[in-house]
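Q:
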Amino acid sequence: MNIHLAENFRAVFYAPFYACLELGWFRDRGLEVNLIASPSPGAGIADMLRGDVHLVWGGPMRVLKDRDLNAAGPHSLIAFGEVAARDPFYLVGRPGLAPFDLRALPSLRLATVSEVVTPWLCLQQDLRDLGIDPSSIQRRPDAPMEDNLRALASGQIDVVQLFEPFVSFALRDGIGHPLHAAHARGPTAYTTFLSTVENIERYGAAFRAMAEALASFRPWINAEGTRELSRLVGHLYPQLAPDLLEQCLARCHQTAIWSCQPQVSRAGFHRLAKSLASANFISQVALYEDCVAPWAQAPV
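Numbering (the working numbering), first residue to last: 28 to 327.
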């Protein structure tokens, strides 16, 4: 069966998706998966609703937002197949700043991410958990991570919110170093496959096979290592030198960001939902059971 899969955007922490394609794990299950680039993060959702693609990958945040805005129906979004089960973002500080507790953040100038909303929404909840009002943060108006890294280098800000490869760029160029890792908060449902109720009913067997293929990744990476992963997917990141890409992938692997399982973590889903609701990104939290495909629901 031919499956059209929209690529949300090209990111290092999406490497398990590319490994599944490169190693033929989808094809082994009778599926010919065609990767289609999205023009911007989240744009693949509209393509899917038009029927141009069967599914996308991205944050369950989009499922929660969809359920908040729209009545349940055949086009409602559904998540399955978890890849990133923890937040891949870091707070990177200028040279001289020591690793810190988040309680120090209100005294520093922070630049957050503009490309996607989830990192800042989740960080706000981390601050609230410590009794800190996110509005007390000296936050630079949203700008792309590349621009924020330059602002850190020029001394315009003290701390910047980044994921790989920008963390490794900062270390390589002596611009800054990690002060806080968001993955330390624990499970946060960050990246899954996303499709619609209608598509789940129509292509459920194929989607389930794709989700099950993900489960091959963790034993493979544990056996082969990040050097082999870098060799396998390196052609997809032509702007990154092989040694730098391996460093990025190693950091993702070592910090247990990748769960790569058919099920979507309940604890991770609820943590994400709490973050979105407390930041008023959503007005109500949909049930886990309404947002996750039945065969991808983790045991209670």
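Ideal placement from N, C-alpha and C gives every residue a C-beta, glycine not left out.
So the beta strand (DSSP E) residue 109 belongs to, where does it begin and stop?
A: Residue mapping note: residue 109 aligns to position 82 of the sequence shown, counting from 1. Unbroken beta strand (DSSP E) run through residue 109: 104-111.
Q: Among 267, 126, 92, 33, which one has its Cα closest to the Cα of residue 67?
A: By one-based count along the sequence shown, residue 67 stands at place 40. Out of 267, 126, 92, 33, 33 has the C-alpha closest to the C-alpha of residue 67.
Q: Taking all protein chains shown into account, decide if residue 185 is buried (16 or more other Cβ within 10 angstroms of its Cβ) or exposed.
A: Residue 185 sits at position 158 when you count from the first residue of the sequence shown. Under this definition residue 185 is a buried residue.
Q: Below 8 Å on the Cβ atoms is my guess for residue 41 versus residue 114; work out the distance and round it to an integer in Å.
A: As a position in the sequence shown, residue 41 is number 14, starting the count at 1. As a position in the sequence shown, residue 114 is number 87, starting the count at 1. About 14 Å separates the two Cβ atoms, so there is no contact after all.
Q: Could you tell me the alpha carbon to alpha carbon distance between residue 148 and residue 237, rounded to whole angstroms?
A: Here residue 148 corresponds to residue number 121 of the sequence shown, with the count starting at 1. Here residue 237 corresponds to residue number 210 of the sequence shown, with the count starting at 1. Distance between the alpha carbons of residue 148 and residue 237: 29 Å.
Q: Quick one: residues in its chain with C-beta nearer than 8 Å to the C-beta of residue 97, no 5 flanking neighbours on either side, listed in chain order?
A: As a position in the sequence shown, residue 97 is number 70, starting the count at 1. Excluding sequence positions up to five before and after residue 97, its CB lies within less than 8 Å of the CB of 103, all in the same chain and listed in chain order.
Q: Got a sec? Which residues, its chain only, sit under 6 Å from residue 312 by beta carbon, not counting five neighbours each side?
A: Counting from 1 along the sequence shown, the entry for residue 312 is found at position 285. Around residue 312: 300, 304.
Q: By Cβ distance, which residues of its chain are closer than 7 Å to residue 141, with the 5 residues on each side in sequence left out?
A: Within the sequence shown, residue 141 is the residue found at index 114, counting from 1. The answer, listed in chain order, is 169, 170, 171.
Q: If you compare alpha carbons, which of 244, 263, 91, 46 is closest to residue 223?
A: Locating residue 223 in the sequence shown gives position 196, where the first residue counts as 1. Cα-wise, what sits closest to residue 223 is 91.
Q: Can you check which of these residues, 111, 99, 95, is closest to residue 86 by C-alpha distance?
A: Locating residue 86 in the sequence shown gives position 59, counting from the first residue. The option with the nearest alpha carbon to residue 86 is 111.
Q: Would you mind sorting residue 158 into buried or exposed? The rule is 16 or more other CB atoms within 10 Å of its CB.
A: Residue 158 sits at position 131 when you count from the first residue of the sequence shown. Residue 158 should be labelled exposed.
Q: Helix, strand or coil: which one does DSSP assign to residue 243?
A: Residue 243 sits at position 216 when you count from the first residue of the sequence shown. The answer is coil: DSSP assigns residue 243 none of H, G, I, E or B.
Q: For residue 246 and residue 257, which I take to be in contact (beta-carbon distance under 8 Å), what is that distance rounded to the nearest angstrom?
A: The residue labelled residue 246 in the question sits at position 219 within the sequence shown. The residue labelled residue 257 in the question sits at position 230 within the sequence shown. About 18 Å; that fails the 8 Å criterion.
Q: Could you pull out every unbroken alpha helix (DSSP H) segment of at least 4 residues lying fully inside the region 237-282, listed in chain order?
A: 244-260, 269-281
Q: For residue 199, count the other beta carbons within 10 Å of its own beta carbon; 16 or more makes it buried, fewer makes it exposed. Which is it?
A: Taking the first residue of the sequence shown as position 1, residue 199 is located at position 172. Residue 199 comes out exposed.
Q: So residue 35 and residue 65 are supposed to be a Cβ contact under 8 Å. How far apart are they, rounded?
A: Your numbering for residue 35 matches position 8 in the sequence shown. Your numbering for residue 65 matches position 38 in the sequence shown. With 8 Å as the limit, residue 35 and residue 65 qualify as a contact, their Cβ atoms being about 6 Å apart.
Q: Excluding sequence positions up to five away, which residues of its chain have a Cβ less than 6 Å from the Cβ of residue 302?
A: Locating residue 302 in the sequence shown gives position 275, where the first residue counts as 1. Cβ within range, chain order: 148, 149, 152.
Q: I'd like the list of long-range same chain contacts for residue 124, defined as Cβ closer than 7 Å, with 5 residues on each side in sequence excluded.
A: Counted from its first residue, the sequence shown places residue 124 at position 97. Around residue 124: 185, 206.
Q: Let's test the definition: count the other Cβ atoms within 10 Å of the Cβ of residue 162 and tell me whether it reaches 16, buried, or not, exposed.
A: The residue labelled residue 162 in the question sits at position 135 within the sequence shown. Exposed, by the Cβ-count rule.
Q: Taking just the CA atoms, how far does residue 241 sit from residue 108?
A: Locating residue 108 in the sequence shown gives position 81, counting from the first residue. Locating residue 241 in the sequence shown gives position 214, counting from the first residue. Taking the straight line joining both Cα atoms gives about 7 Å.
Q: Is DSSP giving residue 45 helix, strand or coil here?
A: As a working mapping, residue 45 is identified with position 18 in the sequence shown. Helix at residue 45.
Q: What does the alpha-carbon distance come out to for the pair residue 119 and residue 130?
A: As a working mapping, residue 119 is identified with position 92 in the sequence shown. As a working mapping, residue 130 is identified with position 103 in the sequence shown. If you take the alpha carbons of residue 119 and residue 130, they lie about 15 Å apart.
Q: Could you tell me the distance, in whole angstroms, from the CA atom of residue 43 to the CA atom of residue 282?
A: To locate residue 43, count along the sequence shown from 1; it is residue 16. To locate residue 282, count along the sequence shown from 1; it is residue 255. Cα to Cα, residue 43 sits roughly 15 Å from residue 282.
Q: Give the secondary structure of residue 230 by DSSP, where H, G and I count as helix, E and B as strand, and everything else as coil.
A: Counted from its first residue, the sequence shown places residue 230 at position 203. Residue state, collapsed to three classes: helix.
Q: Do the CB positions of residue 203 and residue 121 come within less than 7 Å of each other?
A: As a position in the sequence shown, residue 203 is number 176, starting the count at 1. As a position in the sequence shown, residue 121 is number 94, starting the count at 1. Contact: yes.
Q: Distance, Cα to Cα, residue 143 vs residue 47?
A: The residue given as residue 143 occupies position 116 in the sequence shown. The residue given as residue 47 occupies position 20 in the sequence shown. So the alpha carbons of these two residues sit roughly 25 Å apart.
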